[in-house]
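Accompanying notes for the structure given below.
In my numbering, the protein residues as written are 26 to 802.
Following this line, the structure appears as structure tokens:
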């Protein structure tokens, strides 16, 4: 068995830190967490479409590994609607490398399953759609696979093979082929082929990879609504037949929702997935030459997250890029890289370049003065025996091809004489034992020595070539490290520049907001001062009124004390005043008491009704003025309280305005704009900033939701363990028949099957209303 099948490999995993890029229409684009999306790799970039996150996504995003930036793609014409569980397949035209298209097929939008087909031209970034007869269309489905099969010859058509998937509670194992003809006059059409052999069972959430050497599609894993699979099936595209594959090695656990990439046309690398009981984070590798499962590799540098319904793409550099996915209700927006260069085929060693001029055997060496293009210096010893002379490969080749024994030309003119002497006398003494058993003719001596020298030279050249190869490999590794370092430095510098630019813009905005707030504060202060002046004027008017009342009271007192009134002897007036005095006696108090005693002193006493009237009148006036003064004081107190309340409200208003201004960081945006009204009065830059604000708020809300969901996940885990202890760990708690394959939103409980989730409106565990259901395959 090959060492690759038994040796445990080591794969380095790296967390990728990416930056936001440009958004279509202006602004900054940050890719959101999602699952069920589809992606393709094109050279050194990755395109992602759709997926389910905080909402259904319908845009196209592109990742540039050189700058580590996610950007939104500006596409032309109407594209697919938002969806998840669909497929994205890259179709490459071998005759026209620029004619590359991405085919989007199927998926699920809300509760609707789809079977529409869209094409994205990667050269013009324009969408196209196709219309077929309903009788030829595949069933609506999600969780299927769509595999590109290249043409057999130049004139052959492109094909895309669709297999499996699910529609509501029905799982499929049907196979359809999308035939794209080579000529423009041809018609694109769906074909349902007749396939021999036993097809795989119904399933979704599996993987399908095209093996070029076998012209076959390999299916692995999946889920049929009750259980997951770990079997392998091969669809031969030559004779259209199914074959169940028997493998060697340790078979991985059952799974669905995993991903796979084909490395070097030989090794299939699988990552993640889930089964009925857990979510996986392991890496499994299949050698497709012998269908042998390799020992599970050791991952260094990073602990991989368990996840399913994510995406994996292989770049030209041999890196496997993983993005998104989910696990137990938690959505991921992270990226990691797996270094799979060790599974790429080893390039053959370079052939040493020889600058030789080899003569034909029909041209014998005629004279000892023949020259060659490659020469070496002959060395002689200082003793009695000289060493074997070193000759060029051209001479050795000529000697081995010549049948007539002729002497070899010397390497350099300075050793001409000694070289000829060694050729005739010292060769037999330097031949190895095997060569010594041959006939000692001049021809055999020359041939054997030439072969020996040729072998030594080839060994030396091979060693030099290996050394050169190692040196080039070391230099290549060094250049790769320097390139990676430069890329990281460039990305870091770009991020720093973006951060500095963002800080400058933020400071400018804050400065403008502070200036506006200061102006508003001055305006409010002036308004408050005007209000205080009005209150002061009102108080002065009240004081003037009080003073007028006091003057009236003084005048009244003066008039009552006027002697002319006292001298009037009108008895009717005196009697009336006397009766009035008697009625108001209670108001007079102690003063009237003195008057009563005077009245009780008899007719002969000094009764002065005028004095009593004056007292009563004065008491009435005083009481009236006291009441008016009390009312004025109360009004004054209320005005002061209102002024204080107004000042407090103004301060609170200023604080609220300042808080809103600091939060929104936009000058022209009002409260109505924040509520979504009167948006037509804003400029495009303000709308972009308002949109960015809402995106940031949504991110914070999403982060808070993830924290809350993490807590709920722990709670669900405990409930799951308790449920497992009670014997309900795998089947639905309602029907106790089907397996659990749903996550309820918003409570995040995973306790029922998809069939029961459509019939219930409340979670059977916590009685929370069910707003949405996440179904995994």
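Note that beta-carbon positions come from the ideal geometry of N, C-alpha and C, so glycine has one too.
Keep in mind it's a predicted model, so treat the numbers as computed, not measured.
(message) Less than 8 Å between C-beta atoms, sequence neighbours within five positions excluded: which residues of the same chain meet that for residue 341?
(response) Residue mapping note: residue 341 aligns to position 316 of the chain shown, counting from 1. 68 and 69, listed in sequence order.
(message) Going by DSSP in three states, residue 353 sits in which element: helix, strand or coil?
(response) Reading the chain shown from its first residue, position 328 is the one you call residue 353. Correct three-state label for residue 353: coil.
(message) Taking contact to mean 3 or more Cβ pairs, one atom from each stretch, closer than 8 Å, check whether the segment 84-95 and the segment 761-772 are in contact.
(response) As far as the Cβ criterion goes, the segment 84-95 does not touch the segment 761-772, which means the pair count is below three.
(message) Which residue wins for smallest C-alpha separation from residue 196, given the options 211, 251 and 508?
(response) What you label residue 196 is simply residue 171 of the chain shown in a count that begins at 1. That would be 251, whose Cα lies nearest to the Cα of residue 196.
(message) Per the DSSP calculation, residue 77 is bridged to which residue(s)?
(response) Taking the first residue of the chain shown as position 1, residue 77 is located at position 52. Looking at the DSSP output, residue 77 shares a beta bridge with 60 and 81.
(message) I'd like to know whether the C-beta atoms of residue 361 and residue 148 end up nearer to each other than 7 Å.
(response) Position 336 of the chain shown holds residue 361. Position 123 of the chain shown holds residue 148. At a Cβ-Cβ threshold of 7 Å, residue 361 and residue 148 do not count as neighbours.
(message) Quick check on DSSP: helix, strand or coil for residue 190?
(response) Locating residue 190 in the chain shown gives position 165, where the first residue counts as 1. Under the three-state reduction of DSSP output, residue 190 falls in the coil class, being neither helix nor strand.
(message) Suppose contacts are defined by Cβ-Cβ distances below 7 Å. Is residue 772 in contact with residue 760 by that definition?
(response) Sequence index remark: in the chain shown, residue 772 carries index 747 (1-based). Sequence index remark: in the chain shown, residue 760 carries index 735 (1-based). Note that the C-beta distance between residue 772 and residue 760 is not below 7 Å.
(message) By the three-class DSSP mapping on this structure, what secondary structure does residue 166 have?
(response) Taking the first residue of the chain shown as position 1, residue 166 is located at position 141. Correct three-state label for residue 166: coil.
(request) Would you mind stating whether residue 225 and residue 192 have Cβ atoms separated by less than 7 Å? (result) Residue numbering aside, residue 225 sits at position 200 when the chain shown is read from its first letter. Residue numbering aside, residue 192 sits at position 167 when the chain shown is read from its first letter. For residue 225 and residue 192, no; Cβs fall outside 7 Å.
(request) Let me know if residue 212 comes out buried or exposed under the rule of 16 or more other beta-carbons within 10 Å of its beta-carbon. (result) The count along the chain shown starts at 1 and reaches residue 212 at position 187. Residue environment for residue 212: exposed (fewer than 16 other C-beta atoms within 10 angstroms of its C-beta).
(message) Taking the straight line between their C-alpha atoms, what separation do you get for residue 276 and residue 265?
(response) For this step, residue 276 is matched to residue 251 along the chain shown. For this step, residue 265 is matched to residue 240 along the chain shown. About 26 Å.
(request) Determine the direct distance from the alpha carbon of residue 287 to that of residue 33, and round the result to whole angstroms. (result) Here residue 33 is taken as the residue at index 8 of the chain shown, counted from 1. Here residue 287 is taken as the residue at index 262 of the chain shown, counted from 1. Counting only the Cα atoms, residue 287 lies some 19 Å from residue 33.
(request) Quick one: residues in its chain with C-beta nearer than 8 Å to the C-beta of residue 786, no 5 flanking neighbours on either side, listed in chain order? (result) The residue given as residue 786 occupies position 761 in the chain shown. When the five nearest sequence neighbours on each side are left out, the beta carbons in the same chain lying within less than 8 Å of the beta carbon of residue 786 are those of 794 and 795, in order along the chain.
(request) May I ask which residues mark the beginning and end of the alpha helix (DSSP H) holding residue 320? (result) As a position in the chain shown, residue 320 is number 295, starting the count at 1. Element bounds for residue 320: n/a, residue is neither H nor E.
(request) Go to residue 25, then tell me how far its alpha helix (DSSP H) extends in each direction, as first and last residue. (result) Residue 25 lies beyond the range of the chain shown here (26 to 802); nothing can be said about it.
(message) Using only CA atoms, which one of 569, 50, 44 and 138 lies nearest to residue 57?
(response) Indexing the chain shown from 1 puts residue 57 at position 32. Measuring from the Cα of residue 57, the nearest candidate turns out to be 44.
(message) Quick check: what's the CA-CA separation for residue 734 versus residue 662?
(response) Within the chain shown, residue 734 is the residue found at index 709, counting from 1. Within the chain shown, residue 662 is the residue found at index 637, counting from 1. So the two alpha carbons sit approximately 55 Å from each other.
(message) Taking 7 Å as the threshold (C-beta atoms), are residue 182 and residue 207 in contact?
(response) Position 182 of the chain shown, counting from 1, holds the residue named residue 207. Position 157 of the chain shown, counting from 1, holds the residue named residue 182. The answer is yes: Cβ separation under 7 Å.
(request) Could you name the residues of the same chain whose beta carbon sits closer than 6 Å to that of residue 295, not counting the 5 residues immediately before and after it, in chain order? (result) Counting from 1 along the chain shown, the entry for residue 295 is found at position 270. Taken in chain order, the residues that qualify are 283, 285 and 309.
(request) Using the Cα positions of residue 343 and residue 102, report the straight-line distance between them to the nearest angstrom. (result) Locating residue 343 in the chain shown gives position 318, counting from the first residue. Locating residue 102 in the chain shown gives position 77, counting from the first residue. Looking at the two C-alpha atoms, the distance is approximately 34 Å.
(message) Counting only beta-carbon separations shorter than 7 Å, does residue 162 have a partner in chain C?
(response) Protein chain content of the structure displayed is limited to a single chain, and chain C is not contained in it.
(request) Work out the CA separation of residue 306 and residue 88 for me, nearest whole Å. (result) Sequence index remark: in the chain shown, residue 88 carries index 63 (1-based). Sequence index remark: in the chain shown, residue 306 carries index 281 (1-based). In a straight line, the C-alpha of residue 88 is about 23 Å away from that of residue 306.
(message) If distances are taken between C-alpha atoms only, which option among 162, 710 and 263 comes closest to residue 217?
(response) For the purposes of this step, residue 217 is taken as the residue at position 192 of the chain shown. For residue 217, the nearest C-alpha among the options comes from 162.
(request) Confirm, please, whether the CB-CB distance from residue 130 to residue 115 is below 7 Å. (result) What you label residue 115 is simply residue 90 of the chain shown in a count that begins at 1. What you label residue 130 is simply residue 105 of the chain shown in a count that begins at 1. Not a contact, by the Cβ cut-off of 7 Å.
(request) Please classify residue 507: does DSSP put it in a helix, a strand, or coil? (result) Here residue 507 refers to the residue found at position 482 when the chain shown is read from its first residue. If DSSP states are grouped into helix, strand and coil, residue 507 belongs with the helices.
(message) For the beta strand (DSSP E) containing residue 140, name the first residue and the last one.
(response) Residue 140 sits at position 115 when you count from the first residue of the chain shown. Per DSSP, residue 140 belongs to the beta strand (DSSP E) from 137-146.
(message) For residue 516, list the residues DSSP reports as bridge partners.
(response) Within the chain shown, residue 516 is the residue found at index 491, counting from 1. Beta-bridge pairing links residue 516 to no other residue.
(request) Can you tell me the Cβ-Cβ gap for residue 73 and residue 336, rounded? I've got them flagged as a contact below 8 Å. (result) Sequence index remark: in the chain shown, residue 73 carries index 48 (1-based). Sequence index remark: in the chain shown, residue 336 carries index 311 (1-based). Yes, they are in contact, since the Cβ atoms of residue 73 and residue 336 sit about 7 Å apart, within 8 Å.
(request) Whole angstroms is fine: what's the gap from residue 167's alpha carbon to residue 198's? (result) As a first step, residue 167 must be located in the chain shown, where it is residue number 142. As a first step, residue 198 must be located in the chain shown, where it is residue number 173. Here the alpha carbons of residue 198 and residue 167 stand approximately 12 Å from one another.
(request) Go through its chain and collect everything with a Cβ distance to residue 668's Cβ below 8 Å, but skip five positions before and after it. (result) Taking the chain shown and counting its residues from 1, the one referred to as residue 668 is at position 643. Hits under 8 Å: 556, 557 and 560.
(message) Can you tell me whether residue 421 is helix, strand or coil according to DSSP?
(response) Taking the chain shown and counting its residues from 1, the one referred to as residue 421 is at position 396. Only weak support exists for where residue 421 lies, its pLDDT of 31 falling under 50; the value from the coordinates is given anyway. Helix at residue 421.
(request) Find out if the Cβ-Cβ distance for the pair residue 279, residue 254 is shorter than 7 Å. (result) The residue you call residue 279 lines up with position 254 of the chain shown. The residue you call residue 254 lines up with position 229 of the chain shown. Yes. Within cutoff.
(request) Note down, one range per segment and in chain order, each beta strand (DSSP E) of at least 3 residues found wholly within the segment 225-262. (result) The DSSP assignment places 232-236, 241-248 and 253-261 as complete runs of the beta strand (DSSP E) inside the segment 225-262, in order along the chain (cut-off: 3 residues).
(request) Give the straight-line distance between the Cα atoms of residue 458 and residue 487, rounded to the nearest whole angstrom. (result) For the purposes of this step, residue 458 is identified with residue 433 of the chain shown, where counting begins at 1. For the purposes of this step, residue 487 is identified with residue 462 of the chain shown, where counting begins at 1. Low per-residue confidence applies at residue 458: pLDDT is 33, beneath 50, and the placement is therefore not dependable enough to give any value.
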